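J.: I have a structure I would like to understand better, so I am pasting it below and will then ask my questions one at a time.
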């Protein structure tokens, strides 16, 4: 069956202590203020990969703190080059000079302003400029992988070619770059994932002129659930087909419904990470494979990523399906 779119009042409080000075107030009231003076641990696992002749991609592992890490600062030759908020664990440093050696370190910071010691220094040399590099690399081929554990996966792919040379490969998860490796490397091991989760990976090659290749094939991997965790409620086998009807593009979706022990009354459809519509069945919900037709009026060549999740019998929303990418036909 095909789906269809469908102050509290303020309470007065008595001030028992003088507010002349905060310290005097706390002392008079018998309260004690705890000051966070402990520094976060220095980030580990720092890597720096030249993404082009003028940029470097820096990554690191999560740091720890007694009160919690709030962000990270990246330093180039001891001078701050970038700051990011936790939980982001990577950043790109641009404006560099070709054929130049650099050293990067990372420091963690907490809400009290404490900064960790610098991480181990990581050297990297940007490649030579390639002004004659006018063609993007070819797309990586035959992306494969496996889930090594609930939090790690291993990927491998066929190498790309470029008129000058491939400098790096970027790994994407649902259109977000999460890792980069050297252009001579065609494998990657990803950590920090969640158990019992569906991930969709693609890989793009990049050259010294900072041009990216088309995507590799999309690879869906599901990490094993943690012991005792409930089974995944993600729809599986999501497929798409696009056609043109007049000035409209039709995207036909089909998927296998998860076993939830009851009827699934609705699904949410997300385009580019945002909720677009709720699919509600016009009659009795279907069993087994379900279908839905999405109508779009965007220009040909418009690219969309889409995924769905079910409404469970208990009223909660379930796990997301793997993501699919569609490009509207002309």
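In mature numbering (1 follows the signal peptide of the UniProt record, and there is no 0), the protein residues as written are -33 to -1, 1 to 297.
Every residue, glycine too, gets a C-beta built ideally from N, C-alpha and C.
Nothing here was measured: the structure is a model prediction, and the numbers come from that model.
1) Rounded to whole angstroms, what is the Cα-Cα separation between residue 285 and residue 31?
2) Considering only DSSP beta bridges, list what residue 165 is partnered with.
3) Evaluate the contact criterion for the region 99 to 111 versus the region 65 to 75: three or more CB pairs, one atom per stretch, below 8 Å.
4) Contact defined as beta carbons within less than 8 Å: I believe residue 216 pairs with residue 263. What is the distance between those atoms, to the nearest angstrom?
5) Between which two residues does the beta strand (DSSP E) containing residue 125 stretch?
6) Alpha carbons only, please: which of 281, 282 and 245 is nearest the one belonging to residue 236?
7) Buried or exposed: which applies to residue 18, given that a residue is buried once 16 or more other Cβ atoms fall within 10 Å of its Cβ?
8) In angstroms with no decimal places, state the Cα-to-Cα distance between residue 300 and residue 131.
9) Evaluate residue 281 with the Cβ neighbour count: other Cβ atoms within 10 Å of its Cβ, from every protein chain shown; 16 or more gives buried, anything less gives exposed.
10) Taking the straight line between their C-alpha atoms, what separation do you get for residue 287 and residue 160?
11) Relative to the alpha-carbon of residue 230, which residue among 197, 268, 278 and 184 has its alpha-carbon at the smallest distance?
12) Mark residue 242 as exposed unless 16 or more other C-beta atoms lie within 10 angstroms of its C-beta, in which case mark it buried.
13) So residue 138 is in the beta strand (DSSP E); what residue range does that whole segment cover?
14) Terminal residues of the continuous beta strand (DSSP E) containing residue 114?
T.: Taking the geometry as given:
1) Here residue 285 refers to the residue found at position 318 of the chain shown. Here residue 31 refers to the residue found at position 64 of the chain shown. Taking the straight line joining both Cα atoms gives about 31 Å.
2) In the chain shown, the residue the question calls residue 165 occupies position 198. According to DSSP, residue 165 shares a beta bridge with 189.
3) Short answer: they don't touch.
4) The sequence position of residue 216 within the chain shown is 249, counting from 1. The sequence position of residue 263 within the chain shown is 296, counting from 1. Contact between residue 216 and residue 263 holds, with the beta-carbon distance rounding to 5 Å and staying under 8 Å.
5) For the purposes of this step, residue 125 is taken as residue 158 along the chain shown, with counting starting at 1. For residue 125, the enclosing beta strand (DSSP E) starts and ends at 120 to 125.
6) One-based indexing of the chain shown puts residue 236 at position 269. When each option's Cα is compared against that of residue 236, the closest is 245.
7) The sequence position of residue 18 within the chain shown is 51, counting from 1. With 16 or more Cβ atoms within 10 Å of its Cβ, residue 18 is classed as buried.
8) Nothing can be reported for residue 300, as the shown portion of the chain is limited to -33 through 297.
9) The sequence position of residue 281 within the chain shown is 314, counting from 1. Classification of residue 281: exposed, given that the 10 Å Cβ count is below 16.
10) For this step, residue 287 is matched to residue 320 along the chain shown. For this step, residue 160 is matched to residue 193 along the chain shown. The C-alpha of residue 160 is placed about 15 Å away from the C-alpha of residue 287.
11) Here the question's residue 230 lines up with position 263 in the chain shown. Residue 278 is the option with its Cα nearest to residue 230.
12) If you number the chain shown from 1, residue 242 lands on position 275. Classification of residue 242: exposed, given that the 10 Å Cβ count is below 16.
13) Taking the chain shown and counting its residues from 1, one reaches residue 138 at position 171. For residue 138, the enclosing beta strand (DSSP E) begins and ends at 133 to 140.
14) For the purposes of this step, residue 114 is identified with residue 147 of the chain shown, where counting begins at 1. Counting along the chain, the beta strand (DSSP E) containing residue 114 begins and ends at 108 to 114.
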